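Residue numbers (this note's numbering): 3 to 174. Quick reminder that beta carbons are idealized off the backbone N, C-alpha and C, glycines included. If you're wondering where the values come from, they're calculated on a predicted model, not measured in any experiment. A short write-up of the structure that comes next.
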């Protein structure tokens, strides 16, 4: 990012290449709406472009990027005042995924994924976010704390409560 802030446009391509998949997956996991995730994804990268001259390395670039994403999601939820439901064709999309397993194993995995998605959707938004950032994005508790703007212990607590709720829900 320092190179990009200094005028090296090729550095942006490197940053984008390193972080685009993780960022998009995070947004898609939060929004469950591909077109909306794509829109917010573009907004976030525009913010990175516009903020380049003022960027200082106070945190890792990925932490800063996910903080921008977190703030953009908060703006979206405030504006929408609700969390959209999963797409109507979510089960069909899952069914179309290629898998080399037997039909029985595929059906079992689909049921487990559906159950996990439903269990995640039942968590409070703050807990969903820390679970996705920790497990899918593999961020540290400190990075999640910086992104979400809460203390490390709060992140740890949210993660613990979320995991307890998920375990209980999935063992029903």
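Between which two residues does the alpha helix (DSSP H) holding residue i run?
{"i": "residue 4", "result": "4-7"}
{"i": "residue 144", "result": "143-150"}
{"i": "residue 76", "result": "63-82"}
{"i": "residue 134", "result": "From DSSP, residue 134 is part of no alpha helix (DSSP H); its letter is neither H nor E."}
Taking the straight line between their C-alpha atoms, what separation do you get for residue i and residue j?
{"i": "residue 55", "j": "residue 24", "result": "24 Å"}
{"i": "residue 60", "j": "residue 50", "result": "15 Å"}
{"i": "residue 37", "j": "residue 44", "result": "11 Å"}
{"i": "residue 81", "j": "residue 110", "result": "38 Å"}
Would you decide whether residue i is buried or exposed? Buried here means 16 or more other CB atoms lie within 10 Å of its CB.
{"i": "residue 146", "result": "buried"}
{"i": "residue 2", "result": "Past the edges of the chain, shown from 3 to 174, lies residue 2, and the structure says nothing about it."}
{"i": "residue 12", "result": "exposed"}
{"i": "residue 98", "result": "exposed"}
{"i": "residue 6", "result": "buried"}
{"i": "residue 164", "result": "buried"}
Comparing alpha-carbon positions, which option in the options lies nearest residue i?
{"i": "residue 93", "options": "39, 26, 117", "result": "117"}
{"i": "residue 34", "options": "53, 67, 13, 75", "result": "75"}
{"i": "residue 174", "options": "128, 121, 108", "result": "121"}
{"i": "residue 67", "options": "9, 124, 29, 96", "result": "29"}
With a CB to CB cut of under 6 Å and the five nearest residues on each side skipped, what residues in its chain are close to residue i?
{"i": "residue 63", "result": "3"}
{"i": "residue 128", "result": "160"}
Can you give me the Cβ contacts of residue i inside the same chain, cut-off strictly under 8 Å, excluding the 5 residues immediately before and after it?
{"i": "residue 72", "result": "131, 149, 150, 151"}
Between residue i and the rest of its own chain, which residues show a CB-CB distance below 7 Å, the 5 nearest in sequence each way excluded?
{"i": "residue 154", "result": "143, 144, 147"}
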